[in-house]
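For the sequence shown, the working numbering begins at 251 and goes up steadily by one. By construction, the Cβ of each residue, glycine as well, lies at the ideal position given by its N, Cα and C atoms.
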Amino acid sequence: MTLREQFLKHVGQTSPSPLMIEVERAEGVFFHSPDGRRYYDLIAGVGVNNVGHGNTAVIEAVQQQAAEYMHVMVYGETVERPQVRYAARIAELLPEGLDSVYFLNSGSEAVEGALKLAKRATGRTELVSMRGSYHGSTQGSMSVMGGEEYRRAFRPLLPDTRLLDYNDFDALRHITARTAAVIAEPVQSEGGVRLPVAGYLEALRERCTEVGAMLVFDEIQTAFGRTGTMFGLERTGVVPDIVCLAKALGGGMPLGGFVASRETMSLLSSDPPLGHITTFGGHPVCCAAGLAALEYTLEHDLPARAEPIGALYESLLSSHRAVQEVRRAGALMAIELGSREKMLAAVQGLLARGVLSDWFLFCDTAFRISPPLTITDAQVADSAEIITEVLDSL
Ligand code: PLP
């Protein structure tokens with residue numbers, strides 16, 4: 251049996267049409283298959299590999315930490331240097347008051363923890379979220395998913411949830427003294443890169459403060475330079491009560507986390523104690539990798555690269571007759587083609603020519619470009635040329 255046949259037989263999949271490309275190795279903005287083909291990775295693992303594949307700083311940190319110690323004791327009991335140093339560094343970079351990080355393994359778990367903390371902190375139950383947002387695949391995070399299509403089959407989910415339209419100022423009145431948390435993204439990613447209109451996040455913050463609801467920002471795709479600032483929240487200066495992180499947080503290793511004030515976070519340690527626990531969350535190798543990736547991001551000022559990368563793609567693609575619109579925040583981009591058929595033809599055409607792109611869960615008329623932030627201008631131009639050739643054939 252070939253590896254692909256074994257993949258289909260023994261590896262569980264939920265994608266009805268997996269890409270089926272065998273990965274042999276990856277470096278920088280490329281990955282390679284054993285048949286000698288090279289692919290541009292213009293997705294970066296959906297915002298994971300901001301520092302590029304095979305980043306030597308990350309590899310060295312992983313190797314060193316794996317040799318020193320891996321898992322020792324369930325999370326939060328022993329003092330583990332990579333965790334402590336990483337949490338302290340994140341706290342230093344986030345606005346004041348967001349100074350306590352609870353590490354987990356994934357984005358969905360970070361959202362679970364954040365929502366539980368908000369319920370615990372407010373004593374309320376209602377969870378408000380935005381249409382067009384994806385927050386994870388566990389039953390709690392799915393309960394605040396911004397669309398019915400992917401969750402209908404799994405109901406009943408959490409009770410007492412409410413969906414609002416992103417950017418609808420009038421809808422903010424539905425956030426009330428019953429609301430425990432409002433979860434939103436500083437830029438909606440799976441909605442097809444939807445930016446907040448001027449004043450919207452400020453008004454959302456104000457409404458949450460007014461009624462005593464906790465504002466949770468899902469920064470799982472927007473953090474670590476992707477949108478042109480280290481965290482997406484810096485785009486407006488709106489400071490939430492809780493921030494969810496994952497994806498690039500681990501520098502390519504599995505890591506998630508939610509961040510709150512020390513005072514708020516401590517609520518999870520009493521009445522009941524162990525309000526959230528995890529065996530593997532904050533694994534020392536993952537934290538060492540994440541910290542190395544963060545230091546690399548700072549040293550090479552990758553947040554400052556996101557805007558020129560995005561602007562160059564935009565200038566090379568936006569005037570193409572097949573492109574209706576380029577929506578973007580830094581290097582988080584949606585190339586709007588106006589129909590699902592065109593989007594699918596583009597994604598498939600790109601793959602056939604060695605460029606990995608993707609669509610969005612809540613926008614199937616646009617394809618995504620979110621490359622590693624280490625991509626050079628020449629690589630942007632070269633990949634944009636391939637994209638243009640594919641668009642020509644639509
Ligand atoms: N939130 C956002 C904005 C995401 O894009 C994702 C994953 O795509 C998640 C949460 C869930 O993260 P994970 O897949 O690590 O559970």
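When beta bridges are read from the DSSP output, E277 appears opposite F280.
For H424, the three-state secondary structure derived from DSSP is helix. Secondary structure at M503: strand, using DSSP grouped into helix, strand and coil. A542: member of the alpha helix (DSSP H) spanning 534-549, first to last residue. With contact defined as three or more Cβ pairs closer than 8 Å, the segment 464-479 and the segment 354-365 are in contact. For V509, the three-state secondary structure derived from DSSP is strand. Taking C-beta atoms under 8 Å as the contact rule, G462 and A427 qualify, at a distance of about 6 Å.
Sorting E310, Y384, D349 by C-alpha distance to the C-alpha of S511 places D349 at the top. For L258, the three-state secondary structure derived from DSSP is helix. Beta-bridge partners of F353 (DSSP): G507.
The DSSP assignment places complete alpha helix (DSSP H) segments of no fewer than 4 residues inside the segment 541-595 at 552-567, in order along the chain. Classified as buried, R444 has 16 or more neighbouring CB atoms from the shown chains inside 10 Å of its CB. Here Y289 is bridged, per DSSP, to F281.
Distance from the CA atom of A294 to the CA atom of G302, rounded to whole angstroms, is 8 Å.
For L344, same chain residues with a beta-carbon under 7 Å away, outside a window of 5 residues either side, are F481, V493, V509 in chain order. The bridge partners DSSP lists for H303 are G278. Beyond the five residues adjoining it in sequence on each side, G580 comes within less than 7 Å, by CB distance, of R476, T477, G478, A556, E557, G560 in the same chain, given in chain order.
Three or more beta-carbon pairs separated by less than 8 Å are not found between the segment 388-407 and the segment 448-457, which leaves the two stretches without contact.
Burial check for L582: the Cβ neighbour count within 10 Å reaches 16 or more, so the residue is buried.
In its chain, beyond the 5 residues on either side, E376, L377, V378, S379, S393, V394 have a beta carbon closer than 8 Å to the beta carbon of T411. Counting C-beta atoms within 10 angstroms of its own C-beta, I470 has 16 or more neighbours from the protein chains shown and is therefore classed as buried. In the structure shown, the three-state DSSP call for D468 is strand. When the alpha-carbon of M270 is set against those of K259, G588, V324, the nearest one is in K259. Straight through space, the alpha carbons of V296 and L594 are spaced by roughly 18 Å. One Cα belongs to G502, the other to E277, and the distance between them is close to 12 Å. Residue range 608-610 is occupied by the beta strand (DSSP E) that includes D608.
With respect to the C-alpha of A596, the residue from V573, R578, R577, L544 having the closest C-alpha is V573. For the pair of segments examined, the segment 310-330 was found to touch the segment 522-537: the number of CB pairs separated by less than 8 Å reaches three. In this chain, the alpha helix (DSSP H) harbouring I637 covers 627-642. In the DSSP assignment, E376 falls outside any alpha helix (DSSP H) and within the unbroken beta strand (DSSP E) covering 376-380. Just measuring C-alpha positions, the residue of T459, G441, E639, D551 sitting nearest E586 is G441. In the three-state scheme derived from DSSP, where H, G and I count as helix and E and B as strand, F404 is classed as helix.
Taking C-beta atoms as the reference points, R339 and L544 count as a pair closer than 8 Å. For A317, the secondary structure class from DSSP, reduced to helix, strand or coil, is helix. Of P621, S620, A538, the smallest CA-CA separation from Q315 is found for A538.
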